[in-house]
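Q: Numbering follows numbering that gives the first Met the number 0, in which position 87 of the sequence shown is assigned residue number 86; successive positions increment by one, without gaps. First the structure, then my questions, so here it is.
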Amino acid sequence: MSILAGMYIGFGVLLAFTVGSQLGTNPAANLVKGLIFRIALSLVIIPGAELFTGNNFVMGAGLLEKKVNIGQAIILWLICWLGNLVGAVLLSWIFTASGLDLPLVAAAFSLSYNANFPGFYNSMSKKPTITAFFEV
0 MSILAGMYIG
10 FGVLLAFTVG
20 SQLGTNPAAN
30 LVKGLIFRIA
40 LSLVIIPGAE
50 LFTGNNFVMG
60 AGLLEKKVNI
70 GQAIILWLIC
80 WLGNLVGAVL
90 LSWIFTASGL
100 DLPLVAAAFS
110 LSYNANFPGF
120 YNSMSKKPTI
130 TAFFEV
């Protein structure tokens, strides 16, 4: 189920940015992307898929209540994280293989990104990595 969760979240991101990028510099673009991303979270919750972030909460509570030990928590976290990663990579491969990764879609993504973060890449690329990391 963790592989599916990674795919569901990836699908939500693709859908949110594809629709949001069509809005360009419209002030409502971020609101639309946020509303659409809720679909991905619903896709995770309804079938009971396993997201790494959700397992952090559950296993953290289990550790505090002494219902699980640290070894069990680490094993579950690792399996879930790897599953989410495999799902996200698999979905990105499917998306690329589908032929929908067109230059126009990439241009729309860039337009949306530049509208939301004007000059971000240029300002961050001139700084040392550690400085840019802490400024974000």
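We treat Cβ as the ideally placed atom computed from N, Cα and C, and that holds for glycine. Since we're looking at a predicted model, the values are computed, not measured.
So the candidates are PRO26, ILE69, LEU30, ILE44; which of them puts its Cα closest to the Cα of ILE8?
A: By 1-based counting over the sequence shown, the position of residue 8 is 9. Answer by Cα proximity: ILE44.
Q: My understanding is that SER1 touches ALA48, with C-beta atoms under 8 Å, so please give their C-beta distance in whole angstroms.
A: Here residue 1 is taken as the residue at index 2 of the sequence shown, counted from 1. Here residue 48 is taken as the residue at index 49 of the sequence shown, counted from 1. Yes, they are in contact, since the Cβ atoms of SER1 and ALA48 sit about 7 Å apart, within 8 Å.
Q: By a C-beta neighbour count over all protein chains shown, 10 Å radius and 16 as the cutoff for buried, is ALA96 buried or exposed?
A: For the purposes of this step, residue 96 is taken as the residue at position 97 of the sequence shown. By the neighbour-count rule (16 or more Cβ atoms within 10 Å), ALA96 is not buried but exposed.
Q: How many Å lie between ASN29 and LEU77 at the Cα?
A: Counting from 1 along the sequence shown, the entry for residue 29 is found at position 30. Counting from 1 along the sequence shown, the entry for residue 77 is found at position 78. Approximately 32 Å between the Cα atoms of the pair.
Q: Closest to MET6 by C-alpha separation, out of ASN25, SER20, GLN71, PHE36, would be which residue?
A: On the sequence shown, residue 6 is found 7 positions in, with the first residue counted as 1. Nearest of ASN25, SER20, GLN71, PHE36 to MET6, Cα basis: PHE36.
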